[in-house]
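A short worksheet on the structure shown next.
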Amino acid sequence: MALSEQINGILAGFADMPGLAKSDKEMIRRKQQSLPALLQNISEAWNAYTEKSDSAPGDLRELYDALQSSDAGGGELASFEELTRALFAAASSAQNDKENLSPKELYRWGQELDALSPRVPGTAAMDETTDYLTEKLRSLGIETWTEPIDFRGVFFHEWSFDLISPATRSFVCFPQNNVAFGDAEAELVDAGRGREADYAGKDVRGKIVLVNWGAIWDHEGPCATRQRYELLHLYDIAYANGVAGMVGYFEDTPGNSLKIVEPGIKPTGGSNISGRSEIGPHHQFAVPAVGIGKEDAAVLRETLSGGTARAKLVIRGKRKVSTTQSVVGFLPGTSDKTIALAAHSCTAFEGAICDTVGVVGVLGLAKYYASLPLEKREKSLLFFFDSFHVWGNCCQTANQILKNHEALVPEIEAFLWLDHLSDGKADSERLLLTSDNTVLWPLATLAMAKRGIRPVALPLNRIWVMCASGPFERLGIPTLSMQSFGDEVLTTEDTWDKFDQDILHRDVSTHLDLTNALMKIETPRDEPGEPVGGCGSLFTSTELPAYPPGEQYVPEPSYPLYVGGAASPVKILSRKAEKEEFFLKEEKQNG
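Under our numbering, the first residue of the sequence shown carries the number 1, and numbering increases by one thereafter.
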C-alpha cells in the first residue's frame with residue numbers, strides 16, 4: 001500500500017471519531033485532500049535533488065516549493081532564504097561532525113545502556129540507568145535533577161507456560177504489560193482473534209485461551225482515536241467469558257520473537273479508558289496473560305486441531321506502590337528561549353529502537369552543546385529522559401515537568417521527541433511528524449534532505465500526536481518526531497547489534513542540524529489546542545498514588561533479558577554477568 005493511502009486511511013479513522021469539533025473536521029478534511037499531492041511533489045523534488053552530483057543549499061528550493069504550494073500546512077512558510085541560512089550557518093564538514101559527535105562513542109553508549117536492559121521502572125536496572133544518565137549529564141557540566149513518579153507497580157517474579165497433554169512442552173513466554181497474577185492448569189481452547197464472535201458456542205469458563213493478537217496497529221489504531229486499547233478490550237471479552245488465563249501472540253513479529261505492547265497505564269492504576277477486566281479500587285487487570293512467539297503458537301494450533309489439550313499458565317509477582325525517576329538536564333544559553341529534547345529511558349526488552357537510540361541521540365546533543373562556550377549557544381536547552389513510558393504511559397513525565405516548572409514553559413520554542421529516531425539501517429523509511437508550524441515543518445524537511453534522508457515530513461501533530469509531544473502540542477509549542485517503524489520494535493529482536501554506526505551518526509546529526517538551525521531562527525508559537533488524537537493526547541492528569549503508612553521505595557530485582565527469536569531461538573540472560581558476556585560476544589562479532 002502506498003504511503004499516501006496508509007496516511008489517508010489513518011486520517012479517515014480520525015474523521016470518524018464521535019464529537020469532533022467543526023474546526024477539527026475541517027482540518028482533517030484539508031489534510032486528506034492535500035497530502036497525496038504533497039507526498040507526490042516531495043517525491044519528485046527529492047528525486048531531482050538526489051540526481052545532482054554536488055548539491056548546494058539552493059538545490060533544496062524545489063523541495064521547499066513542494067511544501068509552500070501545499071494546503072497541508074498551517075499558513076505561509078518562513079522564507080526559503082531564512083530557513084537555509086539558519087540550516088547551513090553552523091554547517092561543518094562531516095569530519096568535524098564526527099570529531100564533535102563521534103559515531104563510535106554514540107554506539108558505545110548504546111551498548112552500555114542495553115547492557116542494563118530490560119529497563120523497567122521500579123527495578124534495580126532502572127535505578128542503574130537513572131544513575132548512568134545522571135552521571136553522564138553532570139560530567140558534562142549540565143545542571144541535572146530527577147523528577148520522581150510514584151506509581152502502582154505490577155512486578156513479575158515467576159512466569160511460565162507449559163503444554164501438559166497430549167504431549168509435554170515448555171514454551172518461552174513473557175507476561176504482558178501490567179497483567180494479573182495467576183496459576184491455572186486447565187484445558188487450552190483456541191479463541192481465534194479473541195473477539196466476541198470467536199467465543200460464540202465455546203465454553204471457556206475456567207479454561208486457558210489461545211488468542212491471535214494480530215499486528216501492532218490493531219492495538220495502536222483504536223488507541224490513537226481515543227478508544228480502549230485493543231489488547232485491553234480483548235482482556236475484557238475474555239474476562240466476561242470467565243477464562244482462567246490467556247496466551248497470545250502477534251502476527252507481525254520477526255520469526256518466533258516475543259512482543260510487549262504499551263497500552264498506557266495511569267500511575268494510580270488502570271488505563272485511560274476503563275473496561276470490565278479492570279477490577280477493584282485501583283483498576284487492576286484481572287486476566288493473567290503471557291505472550292509467546294507466533295511459531296510456537298502454530299505448534300499449539302496444530303495440536304488443538306487434532307483434539308483437546310491441557311496447559312499450565314503461571315504468573316507470580318507483587319503489586320505495590322513504587323517510584324521511578326526521570327532524569328532532567330538544563331543547559332543555559334545566551335537567551336532564556338529554550339529548545340527541549342527528550343527520549344524515554346525505559347524499555348520492553350533490549351529496546352534498541354525503542355528507545356536506546358533516542359537516549360543516545362539526546363546524550364549526543366547534550367555533549368555537543370555542553371562542549372561549546374556559552375556565547376555560542378544562542379538558546380538554552382532542556383533535556384529529559386522519561387522512565388515511565390513503556391510500563392506506564394507516554395505523557396506522564398512531560399506533564400509533570402511542565403507542571404513543576406511553569407516558569408520555563410513560556411520560554412520553550414520547540415520540542416523534539418527523539419523516540420525511535422533511527423533503526424540503524426540506511427534505506428528504511430523515516431516518517432517525520434511535526435506541528436503545523438511555519439518554521440519547524442519546512443526546516444525539518446530540509447534538514448532531513450541535507451543529510452540524505454528521504455524527507456517524508458508531514459504536519460499532522462495537531463491530529464495524530466505522538467507520546468510526550470502531546471503535552472507540548474496542547475500548549476501551542478511546536479513539536480516534532482522522526483520515527484522509524486520496523487517489525488522489531490517492542491520485540492526481543494530489537495537489539496543494538498543491528499545498528500550501523502554511520503547511519504546512527506547520520507540520524508543523530510540530522511537532529512543536531514535542526515537544533516543548530518532552531519538556535520538561529522525564531523520559531524513562532526502555534527495556537528494552543530487539544531490534539532484530535534494519538535497516544536500523546538490521552539493522559540493529562542499528574543495525580544500520583546501515596547505510599548501506605550510505613551512503606552517506602554524498595555527496588556524490585558532486575559528482570560532477565562530476552563533476546564532473539566528470528567534467526568535463532570530466544571535467549572534468556574538471567575544474570576548481569578550473562579548479559580555482559582552476551583554483549584561482549586556481539587561486539588567482537590560486529591568488530
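For glycine and all other residues, C-beta sits at the position ideal for the given N, C-alpha and C. Quick caveat: nothing in here was measured; it's all calculated off a predicted structure.
Residue from the options with nearest C-alpha to residue i
i: isoleucine 339; options: Tyr369, Tyr49, Val360 and Leu433; result: Tyr369
i: aspartate 386; options: Glu26, Glu147 and Ala72; result: Glu147
i: alanine 125; options: Pro560, Ala566, Asn256 and Val570; result: Pro560
i: alanine 37; options: Ser371, Val456 and Ala184; result: Val456
i: glutamate 578; options: Leu341, Val563 and Trp496; result: Val563
i: threonine 168; options: Gly293, Leu300 and Met246; result: Leu300
i: glycine 565; options: Phe88, Lys52, Asn241 and Glu493; result: Glu493
i: phenylalanine 14; options: Lys320, Arg138 and Gly221; result: Gly221
i: leucine 3; options: Thr268, Arg193 and Arg430; result: Arg430
i: serine 558; options: Arg462, Ala342, Arg226 and Ala348; result: Ala348
i: lysine 31; options: Asn461, Pro549 and Pro569; result: Asn461
i: isoleucine 572; options: Ser160, Leu133 and Phe80; result: Ser160
i: aspartate 427; options: Gly486, Lys403, Ala468 and Arg377; result: Gly486
i: serine 170; options: Asp162, Thr253 and Gln176; result: Asp162
i: threonine 594; options: Glu556, Lys379 and Asn393; result: Beyond the ends of the chain as shown, which are 1 and 591, falls residue 594; an answer cannot be given.
i: leucine 140; options: Phe499, Glu251 and Phe383; result: Phe383
i: isoleucine 164; options: Pro175, Glu187, Phe151 and Leu518; result: Glu187
i: leucine 372; options: Pro410, Phe472, Tyr64 and Leu331; result: Leu331
i: serine 271; options: Asn399, Ser345 and Asn178; result: Asn178
i: alanine 45; options: Val409, Leu113 and Arg61; result: Arg61
i: glutamine 227; options: Pro254, Gly275, Glu185 and Ala184; result: Gly275
Buried versus exposed, by CB contacts within 10 Å (16 or more), residue i
i: aspartate 16; result: exposed
i: leucine 233; result: Here the sequence assigns histidine to residue 233, which means leucine is not the residue at that position. Histidine 233 is buried by the Cβ-count criterion.
i: valine 359; result: buried
i: threonine 144; result: buried
i: glycine 306; result: exposed
i: glutamine 40; result: exposed
i: leucine 374; result: exposed
i: histidine 157; result: exposed
i: alanine 48; result: exposed
i: threonine 438; result: buried
i: alanine 567; result: exposed
i: valine 390; result: buried
i: glutamine 552; result: exposed
i: arginine 205; result: exposed
i: valine 327; result: buried
i: glutamine 138; result: In the sequence as presented, glutamine is not what sits at residue 138; that position holds arginine. It is exposed - the Cβ of arginine 138 has fewer than 16 other Cβ atoms within 10 Å.
i: isoleucine 7; result: buried
i: alanine 297; result: buried
i: alanine 78; result: buried
i: threonine 540; result: exposed
For residue i, the first and last residue of its enclosing alpha helix (DSSP H)
i: methionine 519; result: 501–520
i: methionine 448; result: 440–450
i: glycine 317; result: No alpha helix (DSSP H) holds glycine 317; the beta strand (DSSP E) holding it covers 310–331.
i: tryptophan 305; result: One detail in the question is off: residue 305 reads as serine in this sequence, not tryptophan. Start and end: 294–305.
i: threonine 168; result: First-last for threonine 168: undefined, no H or E at that position.
i: asparagine 47; result: 22–50
i: threonine 84; result: 80–89
i: threonine 219; result: Here the sequence assigns histidine to residue 219, which means threonine is not the residue at that position. Taken as a continuous stretch (DSSP letters only), the alpha helix (DSSP H) holding histidine 219 covers 216–224.
i: leucine 363; result: 357–370
i: phenylalanine 384; result: Taken as a continuous stretch (DSSP letters only), phenylalanine 384 belongs to no alpha helix (DSSP H), being part of the beta strand (DSSP E) at 380–386.
i: asparagine 404; result: 396–404
i: aspartate 183; result: Segment 182–190 is the beta strand (DSSP E) holding aspartate 183; no alpha helix (DSSP H) there.
i: phenylalanine 14; result: 3–15
i: leucine 561; result: Here leucine 561 belongs to no alpha helix (DSSP H); instead the beta strand (DSSP E) covers 561–563.
i: alanine 66; result: 61–68
i: leucine 421; result: No alpha helix (DSSP H) contains leucine 421, which DSSP labels as neither H nor E.
i: alanine 240; result: 230–240
Distance cut-off 7 Å: residue i Cβ against heavy atoms of the ligand ATP
i: asparagine 399; result: This structure does not include the ligand ATP; it has no bound ligands of any sort.
Run of the beta strand (DSSP E) containing residue i, from where it starts to where it stops
i: leucine 140; result: Taken as a continuous stretch (DSSP letters only), leucine 140 belongs to no beta strand (DSSP E), as it is neither H nor E.
i: histidine 344; result: 338–344
i: isoleucine 572; result: 571–573
i: tyrosine 249; result: 245–249
Cβ of residue i within 8 Å of any chain B Cβ
i: valine 570; result: Among the chains of the structure shown, chain B does not appear; only one protein chain is present.
Continuous alpha helix (DSSP H) assignments of at least 4 residues falling wholly in the region 445–487: 469–474
Check whether the region 316–323 touches the region 360–367, counting contact only when three or more Cβ pairs, one atom from each stretch, lie closer than 8 Å. no
Determine, using beta-carbon pairs with one atom in the region 525–532 and one in the region 75–89, whether at least three such pairs fall under 8 Å. The region 525–532, when compared against the region 75–89, does not touch it at the 8 Å Cβ threshold.
Three or more beta-carbon pairs under 8 Å between the region 207–215 and the region 241–253, yes or no? yes
If contact is defined by three or more beta carbon pairs under 8 Å, each pair taking one atom from either stretch, is the region 20–27 in contact with the region 441–458? no
What runs of the alpha helix (DSSP H), each 4 residues or longer, lie entirely inside the region 107–141? 124–139
Pair every Cβ in the region 64–73 with every Cβ in the region 100–119, then say whether three or more of these pairs are closer than 8 Å. With a cut-off of 8 Å, the region 100–119 and the region 64–73 do not count as touching, because too few Cβ pairs lie within range.
Using a Cβ distance threshold of 8 Å, determine whether the region 187–202 contacts the region 171–178, with at least three qualifying pairs required. no
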